[in-house]
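All the letters of the sequence shown, read from the start, carry residue numbers 1 to 380 under full-length UniProt numbering. No residue lacks a Cβ here, since even glycine has one placed at the ideal position from N, Cα and C. Quick notes on the structure that follows.
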Amino acid sequence: MGAATYHSPQLIRRPGAPQLPCWHRRLEAVEFPEEKTAEGLVLGHAYSLTGLEKVQHKGRVVELVRLRNPWGKIEWKGPWSDGSTEWDEIESRARRYLRVKLEDGEFWMTIQDFVRFFKRIDLCHRTPDNISEGRCSNWSLTVFRGKWEAGKTAGGSFRNVATFGKNSQYHLRLLEADNGGLCTLFVCLMQEPRDRQRNRSPYVAIGFAIYKVPKHCVGIKLSSEYLQWVRPAVRIPRYDAYREMSRHCRLPPGSYVIIPSTDEPDIEAQFLLRVFSLKRNYAEEIKEEAPIKVWTQMDNIYLLDIQFDEPFHALFDDATDLDAKGLFNILKKISSKSNAPMGQSAPNNGNVFCCCCSILSESQINVLLLPRSFSSPFRS
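Below is the structure:
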């Protein structure tokens with residue numbers, strides 16, 4: 001963070017959190033982009049945050065942030081600017097260290113003014129060191145480059161149930177846990193600017209989801225039909241038009257699929273997907289175009305808790321747990337009483353069994369609650 005030796009807890013860190021590098025802060029511009037204000041700031045303009053300091057001033061601690069205008073000119077004119085009198089009222093050593101009387105685009109301001117005039121901070125280049133709380137760790141890094149193409153690989157977010165499976169998919173196998181039986185991951189999705197005007201070109205809204213994959217489905221591209229029935233292990237809560245979206249994850253060892261996407265389908269852009277892990281992992285892009293399909297007449301399952309409630313319980317006998325094989329057998333018996341027996345309207349038994357694995361791994365449902373719990377995913 002430049003020459004900063006003290007860091008503002010309100011701005012960039014909580015107690016025990018690490019220092020964060022290289023921030024951008026942008027003024028809000030509505031009608032007059034990049035117009036100079038009376039305070040010496042520029043509307044709609046990107047600034048770099050290059051330093052933070054605490055100084056003693058008239059018996060109190062003042063928190064300062066240092067900003068740089070990339071134009072190399074036009075500077076802040078308020079308190080603690082290059083020519084302000086506040087500098088004459090602090091200890092001489094601190095003044096010599098911090099004050100620079102040059103028209104170089106770099107200036108200091110109080111954190112209160114910073115919060116008042118600036119709206120948003122973007123972290124330019126995020127790495128796992130940002131969250132390692134000062135500890136030095138060796139991270140394993142896997143990088144994928146891809147692009148969203150209209151009509152091909154730009155399927156939109158999970159809300160676009162008919163096209164979500166078109167997006168590029170990346171198989172991730174977590175081989176070794178670190179602490180508490182879980183694997184620490186740091187997933188970063190970055191999009192490339194769509195033209196050379198990096199500060200002016202709006203980015204598209206992006207995000208990603210991570211799905212746990214049963215072993216029978218490893219290496220196969222998941223279809224849109226399949227994805228609408230399973231819940232993600234990790235999902236960006238909100239798609240935003242930022243340069244980069246990232247997420248710190250803690251997941252059990254196993255196989256997963258990462259699906260990066262734009263918010264809306266058929267939006268074209270290029271992206272960079274980075275996956276950091278503390279322990280061993282294996283990752284590759286899925287090329288297999290044999291999507292797993294879900295039984296399209298799953299609506300018949302709605303009758304489960306009405307027509308088949310009593311026989312459904314009878315299928316359990318005295319068992320207290322239900323595995324994928326047991327659920328598969330129950331589905332076969334129930335389907336024999338419906339108008340869409342498995343093997344005709346449904347996909348092959350291997351794919352149905354795969355769905356059973358996924359349902360149980362996601363739901364963790366109990367035998368006593370299964371009839372009611374089982375029907376709810378297919379109604380949402």
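Test item: CB-CB of residue i and residue j under 8 angstroms
{"i": "Glu264", "j": "Gly156", "result": "yes"}
{"i": "Asp122", "j": "Arg243", "result": "yes"}
{"i": "Ala94", "j": "Val61", "result": "no"}
{"i": "Gly83", "j": "Leu273", "result": "no"}
{"i": "Val218", "j": "His171", "result": "yes"}
{"i": "Ile74", "j": "Val115", "result": "no"}
{"i": "Trp76", "j": "Phe118", "result": "no"}
{"i": "Gly105", "j": "Trp80", "result": "no"}
{"i": "Asp266", "j": "Ala162", "result": "no"}
{"i": "Gly59", "j": "Asp113", "result": "no"}
{"i": "Gln191", "j": "Phe276", "result": "no"}
Of the listed residues the options, nearest to residue i (C-alpha basis)
{"i": "Arg250", "options": "Ala177, Glu53 and Lys215", "result": "Ala177"}
{"i": "Ile206", "options": "Leu41, Ile259 and Arg116", "result": "Ile259"}
{"i": "His45", "options": "Ser84, Glu35, Trp76 and Glu39", "result": "Glu35"}
{"i": "Leu174", "options": "Asn167, Phe186 and Thr163", "result": "Phe186"}
{"i": "Tyr203", "options": "Gln169, Ala241, Pro214 and Leu227", "result": "Ala241"}
{"i": "Ser48", "options": "Leu67, Tyr239, Gly40 and Glu39", "result": "Leu67"}
{"i": "Thr184", "options": "Leu227, Pro193, Lys215 and Ser140", "result": "Ser140"}
{"i": "Asn160", "options": "Pro193, Glu225, Met109 and Val100", "result": "Glu225"}
{"i": "Asn281", "options": "Gln228, Tyr97 and Tyr256", "result": "Tyr256"}
{"i": "Ala154", "options": "His248, Thr262, Pro214 and Ile330", "result": "Thr262"}
{"i": "Arg194", "options": "Asn329, Phe144, Arg120 and Trp148", "result": "Trp148"}
{"i": "Met109", "options": "Arg247, Val65 and His248", "result": "Val65"}
For residue i, three-class secondary structure by DSSP
{"i": "His7", "result": "With a pLDDT of 29 at His7, under the threshold of 50, the predicted position of this residue should be treated as unreliable, and no value is reported."}
{"i": "Tyr203", "result": "coil"}
{"i": "Phe117", "result": "helix"}
{"i": "Glu268", "result": "coil"}
{"i": "Arg159", "result": "coil"}
{"i": "Tyr97", "result": "helix"}
{"i": "Leu175", "result": "coil"}
{"i": "Asn167", "result": "coil"}
{"i": "Ile330", "result": "helix"}
{"i": "Ser92", "result": "helix"}
{"i": "Tyr242", "result": "coil"}
{"i": "His216", "result": "helix"}
{"i": "Trp139", "result": "coil"}
{"i": "Leu278", "result": "coil"}
{"i": "Gln112", "result": "helix"}
{"i": "residue 381", "result": "With the chain represented from 1 up to 380, any question about residue 381 goes unanswered, as that position is not in the structure."}
{"i": "Thr85", "result": "helix"}
{"i": "Leu43", "result": "coil"}
{"i": "Trp148", "result": "strand"}
{"i": "Glu284", "result": "strand"}
{"i": "Pro260", "result": "strand"}
{"i": "Leu273", "result": "strand"}
{"i": "Cys249", "result": "strand"}
{"i": "Gly180", "result": "coil"}
{"i": "Gly51", "result": "strand"}
{"i": "Asp122", "result": "strand"}
Rounded C-alpha distance that separates residue i from residue j
{"i": "Lys212", "j": "Gly51", "result": "41 angstroms"}
{"i": "Lys221", "j": "Glu268", "result": "21 angstroms"}
{"i": "Arg235", "j": "Pro253", "result": "18 angstroms"}
{"i": "Phe158", "j": "Pro232", "result": "10 angstroms"}
{"i": "Glu53", "j": "Glu63", "result": "6 angstroms"}
{"i": "Lys287", "j": "Met245", "result": "24 angstroms"}
{"i": "Leu98", "j": "Lys279", "result": "42 angstroms"}
{"i": "Asn300", "j": "Phe144", "result": "Unreliable positioning characterises Asn300 in this predicted model, as indicated by a pLDDT of 37, which lies under 50. The coordinate reading is nonetheless provided below. Answer to the nearest angstrom: the Cα atoms are 41 angstroms apart."}
{"i": "Arg120", "j": "Asn138", "result": "31 angstroms"}
{"i": "Arg238", "j": "Ile210", "result": "14 angstroms"}
{"i": "Asn179", "j": "Ser92", "result": "49 angstroms"}
{"i": "Val100", "j": "Gly40", "result": "17 angstroms"}
{"i": "His216", "j": "Gln228", "result": "18 angstroms"}
{"i": "Ser223", "j": "His248", "result": "26 angstroms"}
{"i": "Lys152", "j": "Pro214", "result": "26 angstroms"}
{"i": "Asn69", "j": "Arg96", "result": "22 angstroms"}
Whole-Å CB distance - residue i paired with residue j, under 8 angstroms assumed
{"i": "Lys189", "j": "Phe208", "result": "A small correction: the amino acid at residue 189 is Leu; Lys does not occupy that position in the sequence shown. Their Cβ separation, rounded to whole angstroms, is 5 angstroms, which keeps Leu189 and Phe208 in contact under 8 angstroms."}
{"i": "Thr142", "j": "Ala283", "result": "4 angstroms"}
{"i": "Ile90", "j": "His57", "result": "5 angstroms"}
{"i": "Glu285", "j": "Ser168", "result": "7 angstroms"}
Cβ-heavy atom distance, residue i to the ligand SAM, below 7 angstroms
{"i": "Pro214", "result": "In the structure shown, the ligand SAM is absent, as is every other ligand, since no ligand is present at all."}
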